[in-house]
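Residue numbers (this note's numbering): 333 to 543.
As structure tokens, then:
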């Protein structure tokens, strides 16, 4: 029997995660948590049932939850919500699309979501509360830290090491073995040929620091 799950955040990313949850089939969506002015509205036919302040009482009745706020420039809100769920005693399962491939020899951290057509190959380690977005490829033995977003069709080649709170933009590519520091944003379509050792925004072919 499918277990109830609560979604935290009712924006565009939530709609994509709803599709994954529906197709995966292990959970039924109880409702969505968002800001007070949105309570009573719907996202993809699911009700926004309450606010972050009410989360502990919802989790007491249905302990499973997933963060469905997206991550574009900053991971702070996703971290805050993840920690709020944990503090309230909630459980954050790994959600994997049935249309994705995740090697049985890969490790995916608590609260992470692997979207449609993503590929996570053997020996990969993905940290907590990550987004592995549609068509992303993470090759053998790569490490992706906590609170990262590997965006649509991005390529993380073998043996790469990606730090915490990193965003790799759509169709960006990392050369094999590249290391990325914490709190780095790699712009869409960029090609990273060398290690990035300091936080900041990088873009271009080859990628260079913008700020």
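Just so you know, even glycine gets a beta-carbon here, dropped at the ideal spot from N, CA and C.
Predicted model only: the values in this text are computed from it and were never measured.
Going by DSSP in three states, residue i sits in which element: helix, strand or coil?
i           : result
residue 432 : coil
residue 368 : helix
residue 474 : coil
residue 349 : helix
residue 462 : coil
residue 344 : helix
residue 409 : helix
residue 374 : strand
residue 467 : coil
residue 493 : strand
Here's a check: name, in chain order, each residue in its chain whose Cβ is nearer than 6 Å to the Cβ of residue i, leaving out the five neighbours to either side.
i           : result
residue 466 : 447, 448, 449, 484
residue 350 : 376
residue 453 : 435, 471, 472
Per the DSSP calculation, residue i is bridged to which residue(s)?
i           : result
residue 417 : According to DSSP, residue 417 bridges with nothing at all.
residue 423 : 396
residue 457 : 439, 475
residue 541 : 534
Provide the residue span of the beta strand (DSSP E) that contains residue i, from first to last.
i           : result
residue 336 : 335-340
residue 397 : 396-399
residue 528 : Premise fails: residue 528 is in no beta strand (DSSP E) and is neither H nor E.
residue 378 : 378-382
residue 537 : Where residue 537 is concerned, there is no enclosing beta strand (DSSP E), given that its DSSP letter is neither H nor E.
residue 310 : The structure shown does not extend to residue 310, since the chain spans only 333 to 543, so no value can be given for it.
Just to confirm the assignment, what range does the alpha helix (DSSP H) spanning residue i have?
i           : result
residue 393 : 387-393
Here's a check: name, in chain order, each residue in its chain whose Cβ is nearer than 7 Å to the Cβ of residue i, leaving out the five neighbours to either side.
i           : result
residue 402 : 343, 344, 345
residue 423 : 395, 396
Quick one: residues in its chain with C-beta nearer than 8 Å to the C-beta of residue i, no 5 flanking neighbours on either side, listed in chain order?
i           : result
residue 383 : 365, 366, 367, 368, 371
residue 356 : 427, 428, 429, 430
Looking at chain C, is there any beta carbon in it that lies within less than 8 Å of the beta carbon of residue i?
i           : result
residue 386 : Considering every chain present, this structure includes no chain C. It has just one protein chain.
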